[in-house]
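Novice:
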Amino acid sequence: MKIEDIKNIVLTFIFFIPFTLLIFDPNVLFPYITTKAIIFRILITVSLPFIFYLFLLDKNPLEKLKSNYLFLSLVLFFLISSLSGFLGINPFRSFWGNAERMEGIWSFLFYLLYFFILYILFTYDPKIKKTIFYSFLIVSSLISIIEIYQYFTLGTQRPSATLGNPTYIGFFNLLISFVLLYFIFEEKKLLTKLFYYLILFLNLFSMLTSETRGSLLGLIFGILTFSFYYLLFSKIEKTKKIKIFTLSFFIFLIFTLLVFYTPLASKLPGFNRLNETLKNPISVFPRIFAWKIFLDGFKARPILGYGPETEPIVFFKFFDPKIYEYEAAIFDRPHNKFVQILVNSGILGLISFFLIFIFFFYFLFKNKDLNLLQKASLTGFIFAYLVQNFSLFDMQASYLVFFFGLSLVYSKLEYNFDKEKFIRPYIILVSGLSLIFLTFHLQHYYILYKMIQTSKDSDSSYASREFLKLASLSINPFLTEQAIHNTHSYFIRHLENGSFKSLEDIYILKEVMKKAYQKEPYDYRLISKYSNFLYFMIIIHYKNNLPYKSYIEEFQEIAEKSINFYPKNLELRVVYAKYLGELYKTDPKNFNFKDKIVKILEEGEKISPNYANYYFNEYLILKDIYYGLAKEKLKLAIKKYDFSKEKNLNFILEEAEKLKDKEILLEIVKIVENKKFSTRTQEKLEKIKSSF
88 MKIEDIKNIV LTFIFFIPFT LLIFDPNVLF PYITTKAIIF RILITVSLPF IFYLFLLDKN
148 PLEKLKSNYL FLSLVLFFLI SSLSGFLGIN PFRSFWGNAE RMEGIWSFLF YLLYFFILYI
208 LFTYDPKIKK TIFYSFLIVS SLISIIEIYQ YFTLGTQRPS ATLGNPTYIG FFNLLISFVL
268 LYFIFEEKKL LTKLFYYLIL FLNLFSMLTS ETRGSLLGLI FGILTFSFYY LLFSKIEKTK
328 KIKIFTLSFF IFLIFTLLVF YTPLASKLPG FNRLNETLKN PISVFPRIFA WKIFLDGFKA
388 RPILGYGPET EPIVFFKFFD PKIYEYEAAI FDRPHNKFVQ ILVNSGILGL ISFFLIFIFF
448 FYFLFKNKDL NLLQKASLTG FIFAYLVQNF SLFDMQASYL VFFFGLSLVY SKLEYNFDKE
508 KFIRPYIILV SGLSLIFLTF HLQHYYILYK MIQTSKDSDS SYASREFLKL ASLSINPFLT
568 EQAIHNTHSY FIRHLENGSF KSLEDIYILK EVMKKAYQKE PYDYRLISKY SNFLYFMIII
628 HYKNNLPYKS YIEEFQEIAE KSINFYPKNL ELRVVYAKYL GELYKTDPKN FNFKDKIVKI
688 LEEGEKISPN YANYYFNEYL ILKDIYYGLA KEKLKLAIKK YDFSKEKNLN FILEEAEKLK
748 DKEILLEIVK IVENKKFSTR TQEKLEKIKS SF
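Residues 88 to 779, numbered by this note's numbering, are exactly what the sequence shown covers, in order.
1) Beta-carbon separation of Ser-439 and Leu-163 under 8 Å?
2) Could you say which of Lys-327, Thr-296, Tyr-698 and Arg-188 lies nearest to Ile-235 if we only look at CA atoms?
3) In the DSSP output, which residue or residues are listed as bridge partners for Phe-504?
4) Could you spell out where the alpha helix (DSSP H) holding Lys-409 opens and where it closes?
5) Where does Met-88 land, buried or exposed, given buried means 16+ other C-beta within 10 angstroms?
6) Whose CA, out of Ser-649, Val-662 and Ile-579, lies closest to the CA of Met-624?
7) Buried or exposed: where does Gly-523 fall if 16 or more other Cβ atoms within 10 Å of its Cβ makes it buried?
8) Under 8 Å, with one C-beta from each stretch per pair, do the stretch 567–575 and the stretch 212–222 reach the 3-pair mark?
9) How far does the alpha helix (DSSP H) with Met-482 in it extend, from its first residue to its last?
10) Asp-592 to Ser-551, Cα distance in whole Å?
11) When you compare the stretch 257–272 with the stretch 455–471, are there three or more beta-carbon pairs, one atom per stretch, that lie closer than 8 Å?
12) Kindly indicate which residue of Ile-167, Arg-360, Phe-127 and His-628 has the alpha-carbon position closest to the one of Gly-392.
13) Between the stretch 150–163 and the stretch 427–445, can you find at least three pairs of beta-carbon atoms closer than 8 Å?
14) Near Ser-521, what residues of its chain come up, given a Cβ to Cβ distance below 8 Å and the 5 sequence neighbours on each side ignored?
15) Where do the ends of the alpha helix (DSSP H) carrying Phe-764 lie?
16) Which residue spans inside the stretch 159–188 form an unbroken alpha helix (DSSP H) run of at least 4?
17) Find the nearest neighbour of Thr-541 within the set His-528, Tyr-577, Glu-507 and Ile-510, judged by alpha-carbon distance.
18) According to DSSP, is Gly-585 part of a helix, a strand, or is it coil?
19) Out of Arg-300, Glu-324, Leu-557 and Lys-601, which one is the CA nearest neighbour of Glu-363?
20) Just to confirm, are Ile-126 and Ile-101 a CB contact at a threshold of 8 Å?
21) Kindly give me the distance between the Cβ atoms of Ile-751 and Leu-721, rounded to whole angstroms, as I take these residues to be in contact under 8 Å.
22) For Phe-142, collect the residues of the same chain with a Cβ closer than 6 Å to its Cβ; drop the 5 residues on either side in sequence, then sort them by chain order.
23) Tell me where the alpha helix (DSSP H) around Arg-360 begins and ends.
24) Just to confirm, is the Cβ distance from Val-496 to Asn-454 under 8 Å?
25) For Thr-122, count neighbouring C-beta atoms within 10 Å of its own C-beta (all shown protein chains included) and say buried if the count is 16 or more, exposed if not.
26) Report yes if the CB atom of Gly-251 is closer than 8 Å to the CB atom of Ile-120, and no otherwise.
27) Alpha helix (DSSP H) containing His-528: first to last residue?
28) By how many angstroms is the C-alpha of Ser-194 removed from the C-alpha of Pro-675?
29) What is the DSSP secondary structure of Ser-561, counted as helix, strand or coil?
30) Helix, strand or coil for Ala-248, going by three-state DSSP, please let me know.
31) Select from Ala-484, Arg-660 and Tyr-316 the residue whose C-alpha is nearest the C-alpha of Ala-124.
32) Need the endpoints of the alpha helix (DSSP H) that Thr-49 sits in, please.
33) Short of 6 Å in beta carbon distance, which residues of its chain neighbour Lys-276, apart from the five on each side in sequence? Order them along the chain.
34) Distance, Cα to Cα, His-716 vs Tyr-706?
35) Return yes when the Cβ of Glu-396 is within less than 8 Å of the Cβ of Arg-180, no when it is not.
36) Is it the case that the stretch 598–610 contacts the stretch 625–636, given that we only count it when at least three CB pairs across the two stretches are under 8 Å?
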């Protein structure tokens with residue numbers, strides 16, 4: 088086969104990679120995420136034998152790699168991430184990732200191979216850059232049109248086109264905009280250039296309709312760094328540079344004042360949310376607080392971190408309930424790429440990450456084929472990426488554009504192909520690995536597809552056994568998701584409908600939940616779902632006069648293990664005590680957990696003595712068990728609540744009015760006596776005063 092033919096085969100596969108971003112697959116658990124990732128990996132996998140043939144056929148392939156510091160820095164980042172994963176707290180999850188994000192070491196391997204393929208193609212024939220660009224141009228245009236259409240015609244609040252999240256749209260459009268600038272400044276034909284500008288406008292407008300604050304800030308910083316680079320390295324006179332810079336600064340200042348500090352901002356898509364945040368920054372407090380939680384985790388393992396995809400474990404391990412004062416949010420990502428890297432792979436990971444950009448600029452300055460404006464565009468691209476990632480994280484849409492943007496810095500290299508070179512063993516090895524990878528991809532899709540199909544089946548006997556078959560596969564990266572989203576929900580649905588054919592079906596589902604828990608005993612979601620499952624198993628067996636003590640023991644063992652591992656997560660204590668309370672109310676004699684409930688709850692008070700909601704939850708659990716003690720907990724909650732937030736006042740008044748307790752109601756009135764509230768709340772308070 089000719090070299091050109093092999094190149095064209097690889098080019099065909101790589102050309103279709105951006106089109107994966109258009110995929111929406113309702114047959115899997117996460118329709119916007121999972122199939123995109125699997126198809127991307129398949130396209131990379133089938134390209135590998137061909138690209139390695141081109142690479143190995145060169146007379147000195149390793150010589151090129153030795154001086155390719157940008158690629159080597161990416162390899163270093165990958166190796167450090169891998170090492171942190173294998174030495175981390177959940178190597179299995181770090182390697183495979185999960186169905187919701189489709190990341191992990193396995194995922195990054197394919198992004199690394201994607202970059203390697205682009206490097207070979209672009210250094211062999213730089214004209215291919217434009218071919219791949221056309222692919223991104225088509226896809227970004229389609230996504231932008233869908234996004235704008237949804238914004239104006241469907242009345243969708245912050246639409247997300249085919250990516251499933253408006254922030255992903257903003258990030259994607261942001262990066263594509265700077266890539267477009269790169270090709271605009273390369274293009275000689277006026278009509279083509281105008282067409283690119285039209286697509287640029289389309290992407291920018293789509294970015295604004297996504298109302299992504301980080302993308303807007305990324306755009307501003309990207310434009311500033313573009314201008315700074317151009318002024319710094321252009322050959323115009325120094326006095327002119329100063330004048331242009333001063334004028335640009337004043338235009339930027341006036342624009343900022345007009346857009347962010349006038350009523351105009353509230354009417355412009357994208358700017359409206361940024362304007363709201365500047366006026367009322369409380370909306371970003373939960374995210375900043377989450378950063379603090381993750382950084383506390385980083386301090387405990389600063390060198391290599393905990394491994395990729397372990398952020399939820401770190402979040403709950405170092406959890407601080409104060410975050411709930413701003414928002415009852417759970418973060419499976421810090422929403423900050425730099426904090427995420429520190430948590431995943433420690434300070435070594437962050438250093439290797441920044442090495443990527445150092446060597447990128449090394450190649451940028453070294454490249455003589457790019458004009459000044461193209462170099463300025465790539466500088467803006469990098470800084471826009473970094474600024475956006477200060478408030479987000481990468482996903483497939485950003486990774487594909489990011490690695491394409493990085494690879495644009497390469498110049499043409501001389502390839503001396505030796506057709507007599509004996510490379511057959513290496514090609515057989517790569518082809519064999521590709522077949523293994525392909526098997527994994529197809530198996531992963533089958534598992535995810537089968538999970539959804541099985542959960543729809545009304546025959547509990549068939550479904551339970553199919554769930555068990557999936558759970559028994561030697562490699563099932565998605566067993567946790569299967570247990571949480573499919574098996575548990577299937578169990579609850581059929582339990583409520585009374586449609587289980589036999590108790591054996593329930594036992595089989597329980598086995599699936601147990602297998603998932605044994606594989607990932609520290610997954611917070613799995614702990615909650617499995618505990619709930621065991622609680623119902625106890626109730627089912629108790630009501631049917633069947634042995635239930637083993638389930639109680641297992642339930643208590645899991646609950647106590649979880650609160651010991653996550654001592655700062657008070658919600659686990661509340662759930663544990665709540666289930667014990669429900670069992671006690673079912674049969675106080677057989678489930679005499681009265682004192683245990685009090686002990687579990689009061690130990691939690693020592694961890695966070697000022698968390699008002701915790702005391703209120705204690706009251707809810709204890710009110711039918713220890714009324715006097717429950718009343719004391721309610722009084723403590725009232726003293727600790729921040730009643731400057733009217734929703735807190737209305738919430739507690741509603742519960743206090745049910746008790747019809749004069750002492751508690753008057754205590755609330757006394758605390759808020761000099762505070763101002765809405766007319767409705769004020770009338771409610773006056774009514775309480777007059778009642779007593």
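Note that beta-carbon positions come from the ideal geometry of N, C-alpha and C, so glycine has one too. These numbers were taken from a predicted model, which means no experiment stands behind them.
Specialist: Inspection of the coordinates gives the following:
1) The beta carbons of Ser-439 and Leu-163 sit closer together than 8 Å.
2) When only C-alpha atoms are compared, the closest one is Thr-296.
3) Beta-bridge partners of Phe-504 (DSSP): Asp-145.
4) For Lys-409, no alpha helix (DSSP H) segment is defined, and its DSSP state is neither H nor E.
5) Around the beta carbon of Met-88, fewer than 16 other beta carbons lie within 10 angstroms, which makes this residue exposed.
6) For Met-624, the closest alpha carbon among the candidates Ser-649, Val-662 and Ile-579 is that of Ile-579.
7) According to the sequence shown, residue 523 is Ile rather than Gly. When all chains shown are included, Ile-523 counts as exposed.
8) By the Cβ test, the stretch 567–575 is not in contact with the stretch 212–222, since fewer than three Cβ pairs between them sit closer than 8 Å.
9) From DSSP, Met-482 is part of no alpha helix (DSSP H); its letter is neither H nor E.
10) Answer to the nearest angstrom: the Cα atoms are 6 Å apart.
11) Short answer: they touch.
12) Distances from the alpha-carbon of Gly-392 to those of Ile-167, Arg-360, Phe-127 and His-628 put Ile-167 closest.
13) A contact between stretches requires three or more CB pairs, one per stretch, nearer than 8 Å, and the stretch 427–445 meets this requirement with the stretch 150–163.
14) Within the same chain, Ser-521 has close Cβ partners Thr-132, Val-133, Leu-135 and Pro-136.
15) It is not in any alpha helix (DSSP H) - Phe-764 carries neither H nor E in the DSSP assignment.
16) Runs of the alpha helix (DSSP H) inside the stretch 159–188: 178–183.
17) For the residues His-528, Tyr-577, Glu-507 and Ile-510, the minimum Cα distance to Thr-541 belongs to Tyr-577.
18) Residue state, collapsed to three classes: coil.
19) It is Arg-300.
20) Not in contact: Ile-126 and Ile-101 (Cβ atoms no closer than 8 Å).
21) So it is a contact: roughly 6 Å between Cβ atoms.
22) Same-chain partners within the cutoff: Pro-148 and Ile-207.
23) That run of the alpha helix (DSSP H) goes 358–366.
24) In this structure, Asn-454 lies closer than 8 Å to Val-496 by Cβ.
25) By the neighbour-count rule (16 or more Cβ atoms within 10 Å), Thr-122 is buried.
26) The beta carbons of Gly-251 and Ile-120 sit closer together than 8 Å.
27) Element bounds for His-528: 511–542.
28) Cα-Cα distance, rounded: 51 Å.
29) The answer is coil: DSSP assigns Ser-561 none of H, G, I, E or B.
30) Looking at Ala-248 - three-state DSSP - the assignment turns out to be coil, as it is neither helix nor strand.
31) Nearest of Ala-484, Arg-660 and Tyr-316 to Ala-124, Cα basis: Ala-484.
32) Residue 49 lies beyond the range of the chain shown here (88 to 779); nothing can be said about it.
33) Closer than 6 Å at Cβ, skipping near neighbours: no residue.
34) Going by the sequence as given, residue 716 is Leu instead of His. C-alpha separation (whole angstroms): 8 Å.
35) Yes, they are a contact pair.
36) No: fewer than three Cβ pairs fall under 8 Å.
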